[in-house]
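Engineer: Okay, here's the structure, questions in a sec.
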DNA sequence: CAGGAAATTGCACTTGGTGCAATATTGCAG
DNA sequence: CTGCAATATTGCACCAAGTGCAATTTCCTG
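Set out below in structure tokens:
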């Protein structure tokens with residue numbers, strides 16, 4: 001009945017390959033020529049599919065460029081956080097959650113998450129879509145905080161907490177982008193968290 | 203040379219009237235039928251202009267619906283803030299700045315800023331544009347903080363500060379929307395500021 | 001009122017995106 | 001291996017957003 005969990009059918013494998021091909025083509029072309037100078041038709045051609053099929057995989061050109069499939073935080077990360085962990089200190093745990101989010105955002109298996117950051121830097125307009133993506137996945141993060149609330153009461157609304165996660169992610173990206181862009185984006189999280197706190201308590 | 207500052211020429215008055223008419227028509231229609239069921243053509247017709255002229259006033263349909271012309275903080279507010287005021291306490295001053303932003307966002311003279319909130323509630327997708335709008339005006343807010351930094355050193359990056367302004371505005375809107383929607387949106391600012399601080403210092 | 005600046009408009013065109021029906025591909029049972 | 005059902009791809013027609021350009025109209029000013 002259920003196919004051997006380890007090895008997916010040909011169908012599924014092709015689907016993933018295509019998705020990857022689309023994202024890869026989209027990002028490559030946009031980095032080369034700029035967002036507006038690339039059409040869906042060209043991306044589709046580069047990914048060896050018809051333009052119509054492109055829209056079977058992504059809702060919009062922007063989504064493809066950002067490689068925004070879904071927010072896939074690993075089960076471990078989610079469970080640990082919901083249970084009140086990993087450290088038990090809200091601030092610290094939130095920072096860790098943000099790091100995980102940033103990694104997930106860079107793409108599941110891809111190692112070139114930096115491309116997304118680079119594109120975002122060059123096309124601030126895409127941030128709109130990026131926010132929309134967040135909006136779409138906000139409920140997941142909110143749910144996470146709601147569950148954690150059972151384990152250990154939160155000092156703020158779950159919605160607010162989710163927003164903080166997002167803001168820290170965005171701020172870390174910004175700072176990484178403003179700086180020399182060396183190292184991991186996630187390493188900026190503690191610093192931006194400090195800064196935000198400083199403003200609100202000054 | 204410069205026309206009498208008090209009374210603007212017919213040209214300017216018409217311009218404003220048209221802008222208002224467009225926003226009004228756009229919001230009214232969208233509230234009635236939903237965002238996707240309203241075309242620019244219809245908005246233009248309702249506002250008594252040609253579709254082409256519509257795009258002389260707004261860059262996009264979404265902008266018109268949100269009434270997003272420009273962020274017009276009054277000169278007094280800006281100057282006071284840049285000079286290190288009005289209270290001298292960063293946290294308090296930021297909260298006041300957020301209130302002003304929320305008012306500006308609701309439209310200069312219009313009293314129906316609530317319509318925007320209502321529309322945002324019904325069409326979360328528009329939040330993307332809303333963020334884009336913020337992105338466009340971020341530099342203004344950043345500049346404000348940079349100037350203030352001269353008067354009194356800030357505990358954080360100007361970019362980060364600007365982000366806080368935006369986040370607080372958004373959070374206040376959210377909370378207002380989640381609640382009974384009575385009273386002024388700005389009244390929620392202190393509370394959300396508290397919550398954010400609580401999360402980051404827990 | 002004449003003439004120039006600025007705004008409005010029509011028109012043609014590109015692109016993003018969707019619905020639908022035909023076709024091809026894959027999975028699977030016998 | 002074969003045929004059948006499920007699923008995916010594609011072509012095609014179509015709508016709506018948005019832009020560039022040139023013609024025309026409206027406003028302002030001397």
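Chains as they are written, first to last, in the working numbering: chain A, 1 to 202; chain B, 203 to 404.
Yeah, the Cβ is synthetic: ideal placement off N, Cα and C, and Gly gets one too.
Suppose contacts are defined by Cβ-Cβ distances below 9 Å. Is residue 241(A) in contact with residue 99(A) by that definition?
Structural biologist: What is shown of chain A runs 1 to 202, which leaves residue 241(A) out entirely.
Engineer: Determine the direct distance from the alpha carbon of residue 395(B) to that of residue 102(A), and round the result to whole angstroms.
Structural biologist: Locating residue 102(A) in the first chain gives position 102, where the first residue counts as 1. Locating residue 395(B) in the second chain gives position 193, where the first residue counts as 1. Taking the straight line from one Cα to the other gives about 24 Å.
Engineer: I'd like to know whether the C-beta atoms of residue 26(A) and residue 67(A) end up nearer to each other than 9 Å.
Structural biologist: Numbered from its first residue, the first chain carries residue 26(A) at position 26. Numbered from its first residue, the first chain carries residue 67(A) at position 67. Yes, these two residues count as a Cβ contact at 9 Å.
Engineer: Do residue 253(B) and residue 267(B) have their beta-carbon atoms positioned less than 9 Å apart in this structure?
Structural biologist: On the second chain, position 65 is the one that residue 267(B) refers to. On the second chain, position 51 is the one that residue 253(B) refers to. No.
Engineer: Taking residue 298(B) as the query, report the chain A residues whose CB atoms sit under 7 Å from its CB, ordered along the chain.
Structural biologist: Taking the first residue of the second chain as position 1, residue 298(B) is located at position 96. Per Cβ cutoff of 7 Å: no residues; residue 298(B) is ~14 Å from chain A at best.
Engineer: For residue 77(A) and residue 398(B), I'd like the C-alpha separation in whole angstroms.
Structural biologist: Within the first chain, residue 77(A) is the residue found at index 77, counting from 1. Within the second chain, residue 398(B) is the residue found at index 196, counting from 1. Using only the alpha carbons, I get a separation of about 23 Å.
Engineer: Let me see if you follow: with CB-CB separation under 9 Å, is residue 67(A) close to chain B or not?
Structural biologist: On the first chain, position 67 is the one that residue 67(A) refers to. So, not an interface residue.
Engineer: Which whole-angstrom value is the C-beta distance of residue 47(A) and residue 18(A), which I expect to be below 8 Å?
Structural biologist: In the first chain, the residue the question calls residue 47(A) occupies position 47. In the first chain, the residue the question calls residue 18(A) occupies position 18. Indeed, because the Cβ distance is near 7 Å, the residues count as touching under 8 Å.
Engineer: One question on the structure: do residue 132(A) and residue 144(A) come within less than 9 Å of each other, judged by their Cβ atoms?
Structural biologist: In the first chain, counting from the first residue as 1, residue 132(A) sits at position 132. In the first chain, counting from the first residue as 1, residue 144(A) sits at position 144. Cβ distance not < 9 Å, so residue 132(A) and residue 144(A) don't count as in contact.
Engineer: Just the chain B side, please: which residues come within less than 9 Å of residue 61(A) by C-beta, in chain order?
Structural biologist: Locating residue 61(A) in the first chain gives position 61, counting from the first residue. None at all; the shortest Cβ gap to chain B is about 14 Å.
Engineer: Got a sec: does the ligand ZN put a non-hydrogen atom nearer than 8 Å to the Cβ of residue 139(A)?
Structural biologist: This structure does not include the ligand ZN; it has no bound ligands of any sort.
Engineer: From what residue to what residue does the alpha helix (DSSP H) around residue 341(B) run?
Structural biologist: Residue 341(B) sits at position 139 when you count from the first residue of the second chain. Note, residue 341(B): alpha helix (DSSP H), 328-353.
Engineer: Distance check for residue 274(B) and residue 215(B), CA to CA, integer angstroms please.
Structural biologist: Within the second chain, the letter at position 13 stands for residue 215(B). Within the second chain, the letter at position 72 stands for residue 274(B). Approximately 18 Å between the Cα atoms of the pair.
Engineer: May I ask you to report which of helix, strand or coil DSSP gives residue 256(B)?
Structural biologist: Residue numbering aside, residue 256(B) sits at position 54 when the second chain is read from its first letter. Helix.
Engineer: Cβ of residue 88(A) within 9 Å of Cβ of residue 152(A)?
Structural biologist: Mapped onto the first chain, residue 88(A) falls at position 88. Mapped onto the first chain, residue 152(A) falls at position 152. A contact, by the Cβ cut-off of 9 Å.
Engineer: For residue 229(B), which of helix, strand or coil comes out of DSSP?
Structural biologist: Here residue 229(B) refers to the residue found at position 27 when the second chain is read from its first residue. Helix at residue 229(B).
Engineer: Starting from residue 280(B) and walking both ways along the alpha helix (DSSP H), at which residues does that stretch end?
Structural biologist: Indexing the second chain from 1 puts residue 280(B) at position 78. Counting along the chain, the alpha helix (DSSP H) containing residue 280(B) begins and ends at 277-284.
Engineer: Comparing C-alpha positions only, which one of 319(B), 352(B) and 362(B) sits nearest to residue 384(B)?
Structural biologist: Here the question's residue 384(B) lines up with position 182 in the second chain. Of 319(B), 352(B) and 362(B), the residue nearest in Cα terms is 319(B).
Engineer: Provide the residue span of the alpha helix (DSSP H) that contains residue 290(B), from first to last.
Structural biologist: The residue you call residue 290(B) lines up with position 88 of the second chain. It is not in any alpha helix (DSSP H) - residue 290(B) carries neither H nor E in the DSSP assignment.
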